[in-house]
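Residue numbers for the sequence shown follow the numbering used here, so the first one is 167 and each next one is one higher.
One structure below.
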Amino acid sequence: MRAVVQVASQAQVTVGEEVIGQLHQPGLVVLLGINTTDTQQDATAVATKLFGLRILEGETSAESTGAPLLVISQFTLYGDVRKGRRPSWSAAARPEVSKPLYEYFVSTLRDLGADVQTGEFGAKMEVSLTNSGPFTIVIDSDDLKRPRRG
């Protein structure tokens with residue numbers, strides 16, 4: 167599982183002309199990609215890490231401040247561009263696997279106490295945000311399983 171996390175002063179996601187999710191105050195925008203090998207344990211680990219990360223103003227976390235999260239599914243995070251000119255999506259989980267894991271991820275964040283808005287899984291969405299800092303970080307479940315060096 168791969169989450170691209172951006173600290174944002176404002177953000178919204180629209181489908182067609184309708185705003186379906188937005189940050190009503192500064193918080194985090196999370197683009198979430200799900201790999202073919204991901205499990206609920208990966209989703210729990212990434213959600214827990216994300217919610218507690220001290221990456222907001224004053225080295226605070228969404229958990230400690232109640233900052234909202236806007237979580238958007240994005241299979242393209244697993245695009246493989248090593249060969250040819252067209253990305254391969256073979257590492258991205260199929261919708262029948264990724265949708266339940268995406269929903270589990272969102273549910274886990276809510277169970278932790280997070281204020282979560284979402285995009286619409288599988289829809290063509292327009293995402294707008296103002297990245298504050300700018301600050302962007304990637305959380306990868308495979309990295310969380312490895313020991314930290316140095």
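Cβ coordinates follow ideal geometry from the N, Cα and C atoms, glycine included.
Could you say which of 212, 180, 188 lies nearest to residue 303 if we only look at CA atoms?
When only C-alpha atoms are compared, the closest one is 212.
Rounded to whole angstroms, what's the CA-CA distance from residue 279 to residue 266? Just pull it up for me.
Roughly 20 angstroms between the two C-alpha positions.
Run through DSSP, which three-state label would residue 309 get?
helix
List the residues that DSSP assigns as beta-bridge partners of residue 296.
176
For residue 267, report the span of its alpha helix (DSSP H) as first-last.
261-277
Using 9 angstroms as the threshold, is the C-beta distance between residue 282 and residue 195 below it?
no
Please report how far the alpha carbon of residue 291 lies from the alpha carbon of residue 179, in whole angstroms.
6 angstroms
In terms of alpha-carbon separation, which member of 248, 172, 256 lies closest to residue 216?
Here the closest residue by C-alpha is 172.
In whole angstroms, what is the alpha-carbon distance linking residue 234 and residue 185?
16 angstroms
In chain order, which continuous runs of the alpha helix (DSSP H) of length 4 or greater are located wholly inside the segment 225-263?
228-231
On the DSSP bridge list, what partners appear for residue 169?
198, 305
The beta strand (DSSP E) spanning residue 188 covers which residue range?
If you look at residue 188, you'll find it in the beta strand (DSSP E) that goes 184-189.
Would you mind reading off the limits of the beta strand (DSSP E) that contains residue 284?
282-284
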